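Which chain is which? The protein sequence lines are A and B, in order. Each residue of the first sequence is one higher than the one before, starting from 754 at the first, in my numbering. Each residue of the second sequence is one higher than the one before, starting from 612 at the first, in my numbering. No residue lacks a Cβ here, since even glycine has one placed at the ideal position from N, Cα and C. Since this is a predicted model, take the numbers as computed values, not measurements. Heads up, the thing below is written out as structure tokens.
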Amino acid sequence: MLVISRKASESIFIGDDIEIIVSEIGNDKVKLCINAPREVKVMRKELLETRSLNEEASVAPTKQSLELFKDMAKALKKE
Amino acid sequence: MDIGNRQLAESVQVDEQDILHFEQGIPGFEDVKEYVLVEESDVPLVMTLQSIAGEHPSFVVIDPFSFVEGYAPELSEADLSYFGKQTAENLKLLVIAVLTSKLEDAVVNLKSPIVIDPETNRAKQVIVENPGYPIRYFLFRDRV
Chain A
754 MLVISRKASE SIFIGDDIEI IVSEIGNDKV KLCINAPREV KVMRKELLET RSLNEEASVA
814 PTKQSLELFK DMAKALKKE
Chain B
612 MDIGNRQLAE SVQVDEQDIL HFEQGIPGFE DVKEYVLVEE SDVPLVMTLQ SIAGEHPSFV
672 VIDPFSFVEG YAPELSEADL SYFGKQTAEN LKLLVIAVLT SKLEDAVVNL KSPIVIDPET
732 NRAKQVIVEN PGYPIRYFLF RDRV
């Protein structure tokens, strides 16, 4: 993996037309600005992973696994 | 009405006032904006979030606070303002579960709960601020 150090307001290019600018550095957060062609999808990783989990979750489970799940949930529920 | 809709109408009574409005849809299903929450009568903490337009998509959702010790999601300011709120106090939270044939592999998404405002029925799947919450949290592992 390539590792590059950058200061606030510095940037890097990926290819010829994707620019990532470090806009602000906070205590536990950095703010990035991204210049990219419209067709390049930019997404937070959590959103990408949530989307893929949603796709898996969107199909109704079999009756059997739902029943098992409900039994387990009933047993697990905090009183 | 399509076939899916008719099937749903037969199995579940959908009242206009029960429809949840996801203005942005749900990631992966951005075009589906209206859902209802169907309770499983025998286990009220396990519910199905069902599209009113057909059988698919449908999600098994649970009340995370009853199952996950110490779950305390923090909503971003942008998400709170989507609901027109200062705090998350009166909002209802649910998490999406993925059930597989092996019970111990069941996961829930603690990073991206479904948030519902029961007063307005506005809803959104948000990404919480807490850095450590997993997208795939094994609900039963080590307990089965």
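Check	Outcome
For a contact defined as C-beta to C-beta under 8 Å, what are the partners of Glu799(A) on chain B?	Lys722, Ser723, Ile738 and Ile746
Determine the burial state of Ile727(B): buried for a count of at least 16 other Cβ atoms within 10 Å of its Cβ, exposed for fewer.	buried
Just the Cα atoms here: how many angstroms apart are Gly615(B) and Val672(B)?	Note that Gly615(B) has pLDDT 46, beneath the 50 cutoff, so the model's placement of it is unreliable and no number is given.
With distances taken Cα to Cα, identify the nearest neighbour of Glu799(A) among Ile746(B), Leu656(B), Asn701(B) and Arg733(B).	Ile746(B)
Just verifying my parser: in three-state terms, what is the DSSP assignment at Glu666(B)?	coil
Taking the alpha carbon of Val647(B) as the point to measure from, which residue in Val718(B), Ile725(B), Phe749(B) and Gly695(B) has its own alpha carbon closest?	Ile725(B)
Between the stretch 629-652 of chain B and chain A, which residues of the former have CB atoms less than 9 Å from a CB of the latter, in chain order?	Ile637, Pro638, Gly639, Phe640 and Glu651
Whose CA, out of Ile757(A), Ser758(A), Ile767(A) and Leu829(A), lies closest to the CA of Val795(A)?	Ile767(A)
Nearest CA to the CA of Ser712(B): which residue from Lys830(A), Ala810(A) and Leu829(A)?	Ala810(A)
Alpha carbon to alpha carbon, how far is Thr731(B) from Ile771(A)? Give it in angstroms, no decimals.	41 Å
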